[in-house]
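Remarks on the structure that follows.
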Amino acid sequence: MRSAKDFFAPLAVGAPAPLHEIPARPSRAIHFFDPSNAKMAAKIPQMVGSVDVLLGNLEDAVKADNKLAAREGLVAIARATPDLGGPGGRTQLWTRVNSLDSPWGLDDLTTLVGEIGDRLDVIMVPKVQGAEDIHYVDRLLAQLEAKAGLTRPILVHAILETARGMVNVEEICGASPRMQGLSLGPADLAADRRMKTTRVGGGHPGYLVRQDPTDGEIDAPRAVHQQDLWHYTIARMVDACAMHGIYPYYGPFGDIADVVACEDQFRNAFLLGCVGTWSLHPKQIAIANKVFSPSVEDIAHARRVVAALERDGGDGTGAVMLDGKMEDDASLKQCLVMVHLAEELAAIDPELKKLYDAIEVTA
Ligand code: GLV
Ligand code: MG
């Protein structure tokens, strides 16, 4: 275990110094594309500026025969696309590399850091099992960054998609100052846990509770309520991330046609504390941007609470009544989470800024 003093020292001579804090860069939608797919790759330049994150996927969903083409395709796209990735990028550039036990993971890291390390903001590492995986990637990245002469550390994002990774979630979040966040990987996680689902994320109609029978009539109609399969996992992930100052994300929603259930799943994650989600199809970008941006109503209310608790020289402590509801220090803190998020989003999204700026705070 590195001591606190060593934690922020570079892991290789010449590597950039680790960050002390992970910047809160808006990342409502992480849009996945396959860089070996010429049709998808051709659309990337026009997506820059309209989505928070573009992620070149090299792992699952890319055929084994296309792994090298995907890696090379990502290098070519990063080089040819202005404003994508890097400190001034209008859209962040992330990648999902192949898993550490695969035949491609090592070459993915060495090629990408060497060729386009200055453009890559975050590397997503799949199937992370414990802190040891992050330690390995951390040191390797430091060596590669030093060799490539990079001046900015590349951040690491882990996918939570094994039972062991789930059990080790806190230590994974705290394993390196590079840790930017976690995503839920519901498909792999379901398989690894031996859950009996066959879908990519979302709910399941069989996971329910049923009202007791009336007068022993077990066959009579009774109210049933579907439960959330992912509540426990997302809640644990959110706590682990919050404890370490990093960011939690929902993952894939595979039923592309069901935009309504997709929005529900994204909203559940937003309400529980996630800052964004994956997008597997362009239509999911709009859903993510809507859901992971606080609504005008929420911001209007939040600003009203802030104004009420700070009115007449108030310092935000104590309690006030607004519309028959008690607001105090704790509800103020919740409102400030929303207000700060709105400020961060308004800084990159002019349409949203207009909407938030037009809000009039009423007494
Ligand atoms: C994502 O990678 C998943 O397995 O759900
Ligand atoms: Mg997976």
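Start counting the sequence shown at 134; every next residue gets the next number (my numbering).
Virtual Cβ for every residue (Gly too), placed ideally from N, Cα, C.
Please report the Cβ distance between residue i and residue j, rounded to the nearest whole angstrom; I am assuming they are in contact, meaning their Cβ atoms lie under 8 Å.
i, j, result
"M328", "I292", "Not confirmed; about 16 Å, so no contact."
"E460", "A433", "Going by Cβ atoms, the distance from E460 to A433 rounds to 14 Å, so no, they are not a contact pair."
"Q398", "G335", "5 Å"
"P149", "L283", "6 Å"
If we ignore side chains and look at the alpha-carbon of each, how far apart do residue i and residue j end up?
i, j, result
"S426", "L478", "7 Å"
"C407", "V472", "16 Å"
"L322", "T330", "11 Å"
"A480", "D325", "40 Å"
"I351", "W363", "29 Å"
"G238", "F386", "25 Å"
"D372", "V208", "35 Å"
"V497", "N170", "Since the first residue shown for the chain is 134 and the last is 496, residue 497 is missing from the structure and cannot be characterised."
"G457", "E248", "60 Å"
"I305", "Y380", "13 Å"
"Q262", "E303", "12 Å"
"V300", "N422", "31 Å"
"S518", "V195", "Missing from the structure shown is residue 518; the chain here goes from 134 to 496 and no further."
"A203", "Q344", "51 Å"
"V342", "P354", "13 Å"
"A419", "K487", "18 Å"
"P286", "S160", "18 Å"
"R272", "C468", "39 Å"
"Q360", "A390", "22 Å"
"A452", "M370", "32 Å"
"D520", "V393", "Shown here, the chain extends from 134 to 496; a query on residue 520 therefore has no answer."
"I210", "L201", "14 Å"
Any idea if residue i is buried or exposed, counting beta-carbon neighbours within 10 angstroms, 16 or more meaning buried?
i, result
"G298", "buried"
"Y382", "buried"
"F165", "buried"
"M376", "exposed"
"F141", "exposed"
"T214", "buried"
"A157", "exposed"
"K176", "exposed"
"S428", "exposed"
"K172", "exposed"
"Y489", "buried"
"G206", "buried"
What I want to know is whether the C-beta of residue i ends up closer than 7 Å to one or more non-hydrogen atoms of the ligand GLV.
i, result
"V498", "The structure shown does not extend to residue 498, since the chain spans only 134 to 496, so no value can be given for it."
"Q294", "In the sequence as presented, Gln is not what sits at residue 294; that position holds Glu. Yes, Cβ of E294 sits closer than 7 Å to a heavy atom of the ligand GLV."
"P381", "no"
"G384", "yes"
What I want to know is whether the C-beta of residue i ends up closer than 7 Å to one or more non-hydrogen atoms of the ligand MG.
i, result
"A320", "yes"
"D193", "yes"
"P259", "yes"
Report yes or no: is there a C-beta of chain B within less than 8 Å of the C-beta of residue i?
i, result
"R223", "Given the protein chain composition of this structure (a single chain), no chain B is represented."
Is there contact between the stretch 155-170 and the stretch 400-415, where contact requires at least three CB pairs shorter than 8 Å? Yes, since at least three Cβ pairs between the stretch 155-170 and the stretch 400-415 fall closer than 8 Å, the two stretches touch.
Quick one: any contact between the stretch 135-148 and the stretch 278-286, if contact means 3 or more CB pairs under 8 Å? Contact between the stretch 135-148 and the stretch 278-286 is present, because at least three Cβ pairs lie under 8 Å.
Cβ contact check for the stretch 219-239 and the stretch 171-191: 3 or more pairs under 8 Å: yes
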